[in-house]
Amino acid sequence: MKGNVIKYERDNIDTDVIIPGQYLKVHDYAELALHAMEGLDPDFHSKVKEGDFILSGRNFGCGSSREHAPIALSHSGIKAVLALSFARIFYRNAVDGAFLLPIEIEEDAYSDISEGDEIDINIHTNEIKNITKNKIYKMKPFSEIIGKIIEAGGLFKYKPD
Amino acid sequence: MNITEKILARASGRQRVAPDDVIFANVDKVMVHDVSGPGVIKVFDKLKKQGVSVDKLWDPTKVWVAEDHFVPSADKVSAENIVKLSNFTKTYGIEKHFKYGMGQYGICHTLSHEEALVLPGDVYVGGDSHTNTTGALGSFACGLGHTDVAYVLLNGKIWFKVPHTLYFKLNGKLPEHVMAKDFILKIIGDISTEGGAYKTMQFGGSGINEMSVESRLTLCNMTTEAGAKNGIVEPDQKVIDYLTSRGAKNISLVNGDDDAEYEKIYEYEGSEMEPIVAKPFSPENISIVREAPSVELDKSYIGSCTGAKYEDLEAAARILKGRTVKIRTEILPASISIYKRAMENGLLKIFLDAGVTVGPPTCGACCGAHMGVLAKDEICISTTNRNFPGRMGHVDSQTYLSSPLVAAASAVTGKITDPRDLN
Chain U
1 MKGNVIKYER DNIDTDVIIP GQYLKVHDYA ELALHAMEGL DPDFHSKVKE
51 GDFILSGRNF GCGSSREHAP IALSHSGIKA VLALSFARIF YRNAVDGAFL
101 LPIEIEEDAY SDISEGDEID INIHTNEIKN ITKNKIYKMK PFSEIIGKII
151 EAGGLFKYKP D
Chain D
162 MNITEKILAR ASGRQRVAPD DVIFANVDKV MVHDVSGPGV IKVFDKLKKQ
212 GVSVDKLWDP TKVWVAEDHF VPSADKVSAE NIVKLSNFTK TYGIEKHFKY
262 GMGQYGICHT LSHEEALVLP GDVYVGGDSH TNTTGALGSF ACGLGHTDVA
312 YVLLNGKIWF KVPHTLYFKL NGKLPEHVMA KDFILKIIGD ISTEGGAYKT
362 MQFGGSGINE MSVESRLTLC NMTTEAGAKN GIVEPDQKVI DYLTSRGAKN
412 ISLVNGDDDA EYEKIYEYEG SEMEPIVAKP FSPENISIVR EAPSVELDKS
462 YIGSCTGAKY EDLEAAARIL KGRTVKIRTE ILPASISIYK RAMENGLLKI
512 FLDAGVTVGP PTCGACCGAH MGVLAKDEIC ISTTNRNFPG RMGHVDSQTY
562 LSSPLVAAAS AVTGKITDPR DLN
């Protein structure tokens with residue numbers, strides 16, 4: 001899975017900045033996408049392209065349980081968020097709803113990958129290739145159940161053993 | 162096993178569970194509200210298109226519906242969402258729908274305890290992150306998103322990874338001027354907003370035994386802000402009395418074993434606790450009130466599932482009695498039952514005499530929805546739970562989180578004020 005990186009070099013990107021509370025009443029996915037990241041980066045909507053990735057620090061998606069957050073990112077074209085760690089409900093929503101891949105990365109990838117870099121994520125080898133910089137980083141493998149739900153295409157398509 | 166493990170073992174039909182086990186737990190109670198409900202309806206619409214049957218819920222008697230975030234309807238879109246909710250409960254035969262303007266209604270987490278909708282030992286999930294609140298009754302209470310709640314509504318179960326448990330022991334009572342809110346802010350300041358991530362935060366010790374059920378609800382409510390999967394307190398006679406007085410029957414308690422294991426134990430001395438505020442823009446950014454910056458406040462907000470239970474209003478009334486507010490102050494009781502008790506016991510008169518605007522139960526400005534949201538550069542002290550950028554309105558507004566005592570004292574002075582320092 002190849003794409004370009006939009007980087008937010010900070011921790012605790014919360015759901016209130018991913019999609020501000022005033023839009024919680026909105027359930028039209030395309031309209032939510034118009035306001036993605038509005039609380040942090042008003043230019044996000046104009047710069048994001050289909051297939052892009054977000055790269056950020058620790059505790060990405062902390063705060064509310066609003067599924068609007070992965071929905072707004074996903075319908076903006078974001079295919080994966082790479083972060084040092086994720087808040088639990090954002091992580092679950094991203095996977096169970098099959099909106100985007102939450103990829104846990106290590107410090108080397110976080111500090112090395114720059115805004116605009118083209119990267120290739122391989123969730124079978126757990127490697128991230130930085131095409132722009134010609135480097136390879138490890139990602140943390142998904143736990144067994146997360147891997148299976150992703151493979152199935154979301155919780156509703158997953159058949160427990 | 163500890164209490165959380167025992168509840169999850171029972172719910173998954175196992176003798177034992179241990180941290181990191183992945184289980185499918187049978188769910189006892191489910192909640193959706195006017196934000197997550199329409200979100201679930203949207204998931205149902207998608208499923209229908211994929212050929213999945215959404216004709217029947219697994220058990221409509223175990224589901225309740227709250228109207229809280231954008232009520233009374235803030236605008237046309239939120240009014241449509243309320244209509245959608247009403248159609249949903251009618252279609253699926255959900256009887257427990259607490260409608261505004263029709264008797265008891267209020268914030269979903271408040272209803273969970275005020276209406277005794279959740280019992281000790283229950284696995285309870287809700288389409289809201291602060292579902293953790295209800296763990297104070299000795300249940301496993303956990304927030305989920307729309308897809309997960311839709312899955313529970315159709316299948317009656319959901320997957321969990323059994324959490325590791327952090328145990329917070331409070332030795333001795335909190336001083337009179339210190340509330341549960343101060344204690345949980347202190348904990349979040351110590352462990353950070355990620356310190357409880359994916360974990361259980363359990364509270365115990367003599368200080369917790371002494372604490373009212375409502376104070377325990379405040380503690381569990383804000384475990385969400387430390388990233389926790391659930392917050393929990395071992396249920397006792399106080400919980401039984403609390404729920405029985407609200408009509409609950411057949412209460413049976415689940416408690417942890419004597420040899421229960423915890424990942425880490427934190428100890429606090431009640432007598433050493435101080436009034437605390439969390440400064441912008443994170444609940445972990447704490448300061449002792451007496452050392453807080455001397456900012457000119459624009460507003461004091463006493464509301465939300467965190468800070469507008471009866472006990473919270475009583476605390477505010479102790480401060481506001483015979484005094485006048487210096488800044489805009491709003492008080493929004495968290496449910497109609499609390500509102501009525503506040504009226505019957507004279508609290509509303511105290512508030513109105515002090516110059517406060519008393520509003521209806523709603524999540525309101527806590528999540529920047531409506532009813533008093535903040536303008537650019539406005540500074541608010543609030544009994545709510547989060548103060549991320551833009552949480553209560555404009556992205557350049559600021560919120561200080563505090564207890565109702567501190568929010569009321571600050572309303573009187575216009576500055577962040579320790580209740581002990583009021584004339």
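Residue numbers (the working numbering), protein chains in the order written: chain U, 1 to 161; chain D, 162 to 584.
Where is the CB? At the ideal position from N, CA and C, for every residue including glycine.
Cβ-Cβ distance between residue i and residue j below 8 Å
| i | j | result |
| --- | --- | --- |
| R208 (chain U) | N12 (chain U) | Because chain U here runs from 1 to 161, residue 208 (chain U) falls outside it and cannot be looked at. |
| F60 (chain U) | A80 (chain U) | no |
| K425 (chain D) | L327 (chain D) | yes |
| V480 (chain D) | V573 (chain D) | The sequence shown places Ile at residue 480 (chain D), not Val. Contact: yes. |
| A409 (chain D) | L272 (chain D) | no |
| Y266 (chain D) | K260 (chain D) | yes |
| S461 (chain D) | T490 (chain D) | yes |
| Q363 (chain D) | N546 (chain D) | no |
| I369 (chain D) | G299 (chain D) | no |
| G296 (chain D) | H194 (chain D) | no |
| P70 (chain U) | F86 (chain U) | no |
| S76 (chain U) | T15 (chain U) | no |
| K2 (chain U) | D120 (chain U) | yes |
| S564 (chain D) | D418 (chain D) | no |
| K138 (chain U) | N126 (chain U) | yes |
| K25 (chain U) | V196 (chain D) | yes |
| T544 (chain D) | M553 (chain D) | no |
| A595 (chain D) | R175 (chain D) | Any property of residue 595 (chain D) remains undetermined from this structure, which presents chain D solely from 162 to 584. |
| L305 (chain D) | L218 (chain D) | no |
| N548 (chain D) | A478 (chain D) | no |
| P324 (chain D) | K360 (chain D) | yes |
| R177 (chain D) | A186 (chain D) | no |
Contact set between residue i and chain D, taken where Cβ atoms lie within less than 9 Å
| i | result |
| --- | --- |
| R10 (chain U) | What R10 (chain U) touches in chain D: nothing, since even the nearest Cβ is about 11 Å away. |
| K25 (chain U) | D195, V196, P199, H230, F231, A235, D236, V238, S239, E241, N242, A530 |
| N93 (chain U) | L305, G306, H307, T308, D309 |
Interface residues of chain D facing residue i [CB-CB closer than 7 Å]
| i | result |
| --- | --- |
| L34 (chain U) | Simply none; closest approach about 14 Å. |
| E67 (chain U) | G200, G306, H307, T308 |
| G39 (chain U) | P550, G551, V556 |
| P141 (chain U) | Under the 7 Å cutoff, chain D gives no residues; its nearest Cβ is about 15 Å from P141 (chain U). |
Chain U contact residues for residue i, given Cβ-Cβ distances below 9 Å
| i | result |
| --- | --- |
| T545 (chain D) | Those within 9 Å of T545 (chain D) in chain U number zero; the least Cβ separation is about 11 Å. |
| C269 (chain D) | The premise fails here: C269 (chain D) is roughly 12 Å from chain U at the closest Cβ pair, so nothing lies under 9 Å. |
| A358 (chain D) | N59, C62, S85, F86, A87, R88 |
Partner residues on chain U for residue i, Cβ-Cβ distance less than 8 Å
| i | result |
| --- | --- |
| G388 (chain D) | N59, C62, A87, R88 |
| F301 (chain D) | Going along chain U, no residue has its Cβ under 8 Å from F301 (chain D), so there is no contact; the nearest lies around 14 Å. |
| G529 (chain D) | D16, P20, G21, Q22 |
| V400 (chain D) | Within chain U, no residue comes near V400 (chain D); the closest Cβ sits about 25 Å away, beyond 8 Å. |
Span of the beta strand (DSSP E) around residue i
| i | result |
| --- | --- |
| G392 (chain D) | 391 to 394 |
| S56 (chain U) | 53 to 56 |
| A530 (chain D) | From DSSP, A530 (chain D) is part of no beta strand (DSSP E); its letter is neither H nor E. |
| L331 (chain D) | 326 to 332 |
| V183 (chain D) | 183 to 187 |
First and last residue of the uninterrupted alpha helix (DSSP H) at residue i
| i | result |
| --- | --- |
| E491 (chain D) | First-last for E491 (chain D): 489 to 492, but that is the beta strand (DSSP E), not the alpha helix (DSSP H). |
| I18 (chain U) | 15 to 18 |
| V201 (chain D) | 197 to 210 |
| N548 (chain D) | Neither: N548 (chain D) is in no alpha helix (DSSP H) and is coded neither H nor E. |
| M243 (chain D) | Per the sequence shown, the amino acid found at residue 243 (chain D) is Ile instead of Met. First-last of the alpha helix (DSSP H) with I243 (chain D): 237 to 253. |
| G147 (chain U) | 144 to 152 |
| N12 (chain U) | Segment: none, N12 (chain U) is in no alpha helix (DSSP H) and carries neither H nor E. |
| K47 (chain U) | 44 to 47 |
Chain D contact residues for residue i, given Cβ-Cβ distances below 8 Å
| i | result |
| --- | --- |
| I145 (chain U) | V183, W320, K322 |
| D96 (chain U) | G306, T308, D309, Y312 |
| P160 (chain U) | F185, W320 |
Listed by chain order, chain U residues near residue i by CB distance under 7 Å
| i | result |
| --- | --- |
| L208 (chain D) | F156 |
| V517 (chain D) | None at all; the shortest Cβ gap to chain U is about 24 Å. |
| V215 (chain D) | Per Cβ cutoff of 7 Å: no residues; V215 (chain D) is ~10 Å from chain U at best. |
| S443 (chain D) | N12 |
| K203 (chain D) | H27 |
**Study point:** Every unbroken alpha helix (DSSP H) inside the segment 346 to 383 of chain D [4 residues or more]
**Key:** 367 to 371, 374 to 382
Practice item. With 7 Å as the C-beta to C-beta threshold (strictly closer), list the residues of the segment 69 to 80 of chain U near chain D in chain order. Key: none
Point to revise | Inside the segment 65 to 142 of chain U only - alpha helix (DSSP H) runs reaching at least 4 residues | key: Runs of the alpha helix (DSSP H) inside the segment 65 to 142 of chain U: 68 to 74, 88 to 96, 107 to 112.
Check your understanding: Which residue spans inside the segment 412 to 473 of chain D form an unbroken alpha helix (DSSP H) run of at least 4?
Key -> The segment 412 to 473 of chain D contains these whole alpha helix (DSSP H) runs: 465 to 468.
**Study point:** Start-end ranges of the beta strand (DSSP E) lying completely within the segment 258 to 303 of chain D, minimum 3 residues
**Key:** You should have 284 to 287.
Check your understanding: Name the residues in the segment 231 to 254 of chain D whose C-beta lies less than 7 Å from a C-beta of chain U; which are they?
Key -> Within the segment 231 to 254 of chain D, the qualifying residues are F231, V238, S239, N242.
Review point. Listed in chain order, which residues of the segment 329 to 363 of chain D have Cβ atoms closer than 7 Å to some Cβ of chain U?
Key: T354, E355, A358, Y359
Practice item. At 4 residues or longer, and completely inside the segment 553 to 584 of chain D: list those alpha helix (DSSP H) runs for me, N to C. Key: Whole alpha helix (DSSP H) segments, 4+ residues: 565 to 574.
Exercise for review: Would you list, in chain order, the members of the segment 259 to 291 of chain D that have their beta-carbon closer than 9 Å to a beta-carbon of chain U?
Suggested key: G287, G288, D289, S290, H291
**Study point:** Residues of the segment 490 to 502 of chain D with Cβ closer than 8 Å to any Cβ of chain U, in chain order
**Key:** none
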